[in-house]
Each structure stands twice: as structure tokens, then as C-alpha cells.
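K.L.:
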Amino acid sequence: MFTDLVKIQVEAGKGGNGVVSFHRTKGNAKGGPDGGDGGDGGSVIVRADHNSNTLSKYRSSKLWQAENGTDGASNKKRGKRGTDIELVVPPGTVIMDGTKMVADLEQAGDEAIVAHGGRGGFGNAHFISSVRRAPKLSEVGEDGESKELT
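Its first residue numbered 0, the sequence shown is counted upward by one per residue in numbering that gives the first Met the number 0.
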């Protein structure tokens with residue numbers, strides 16, 4: 000069935016949380032902070048492809064989500080970035096957010112990021128200073144964008 004107008008919900012991934020961790024070894028019980036940063040959330044990308052000629056697959060599935068970033072780890076290990084999700088549409092597709100035009104994909108190969116993923120939070124290794132030698136704080140990851148698109 001040919002479909003040329005759909006309304007979908009897109010959600011970008013949430014960023015991973017930073018970690019509070021301290022380095023401990025056998026000879027050094029009071030090692031410094033080594034908490035890693037969280038990974039960034041995945042984004043929602045729309046790409047025009049000449050092999051696609053209808054929006055029918057978006058008629059049945061209304062919610063499209065990118066993957067969340069993972070949390071950081073000890074030893075200053077950064078969390079994994081969430082994978083992006085790519086929505087394939089036919090060339091000539093116009094994407095609207097209410098009355099505002101988000102993207103106009105005229106040619107095959109045109110692409111646009113319609114929802115950006117959240118930034119990952121910093122771990123406690125990020126907050127070291129000459130005054131604060133053992134910070135016990137970290138940041139939570141930011142939420143990704145969520146939009147209803149036509």
C-alpha cells in the first residue's frame with residue numbers, strides 16, 4: 000500500500016552516567032580517582048535513498064529509538080557510545096516538527112539528524128584539582144531529544 004504521509008515519534012539515546020571510582024592496588028591503598036566518563040547517546044538520522052518509494056514501514060511502527068550510551072567504568076574507561084538509528088525515506092521527503100520544517104531531503108543520499116543523542120556524564124577523574132584531590136562526585140548523562148515528526 001502506498002503511503003506518503005505518516006506521523007512518528009523519534010527518541011535519541013540517553014547519555015551514560017559517569018562513575019565514582021578510586022584506584023586500589025596491593026601496594027597503594029589510597030590511589031587517586033579513576034572513574035570514567037559515560038558514553039554519548041545515539042542519534043536519529045533520516046536518509047533519502049532512491050531504492051525507497053513509500054513510507055509504509057513507518058505507518059505500522061510509530062516509535063523509533065536510538066540506543067543509550069553505557070556508563071563509564073573504573074580505570075578511566077569511557078562508556079560505549081549508543082548506536083545511531085537510520086530511517087530510510089524516498090527522495091523528495093519533507094520532515095516537519097509541527098509547523099516547522101526540520102529537513103527537506105530532495106536528492107538521494109541527502110541526510111539529516113532529526114534528534115541528537117544526549118551527552119555522557121563526566122566521571123570523578125574529571126574533577127581533580129589542586130584543592131580537591133579525591134572528588135566523590137560524577138555527572139549523570141543527559142537525555143536525548145524526543146520529537147513527534149510528520
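Idealized CB from N, CA, C, for every residue including glycine.
Pull up the distance between the alpha-carbon of Asp70 and that of Arg77, whole angstroms please.
P.N.:
8 Å
K.L.:
With distances taken from CA atoms, which of Gly97, Pro134 and Glu138 is nearest Leu151?
P.N.:
Nothing in the structure corresponds to residue 151, since the chain is present only between 0 and 149.
K.L.:
Report the residue from Glu141, Gly17, Gly14 and Asp33 whose alpha carbon sits nearest the alpha carbon of Thr24.
P.N.:
Asp33
K.L.:
Can you name, in chain order, every residue of its own chain whose Cβ lies under 6 Å from the Cβ of Ile112, other than the five neighbours on each side?
P.N.:
Cβ neighbours of Ile112 beyond the five flanking positions: Ser42 and Ile44.
K.L.:
Can you give, in chain order, each stretch of the beta strand (DSSP E) that sits fully within the segment 57 to 132 and has at least 3 residues?
P.N.:
62 to 64, 84 to 88, 92 to 96, 99 to 104 and 110 to 114
K.L.:
Is the distance from the Cβ of Phe121 to the Cβ of Glu141 below 8 Å?
P.N.:
no
K.L.:
Who are the Cβ neighbours of Pro90 in its own chain at under 8 Å, not counting the five residues just before and after it?
P.N.:
Ala47, Asp48, His49, Leu104, Glu105, Gln106, Ala107 and Asp109
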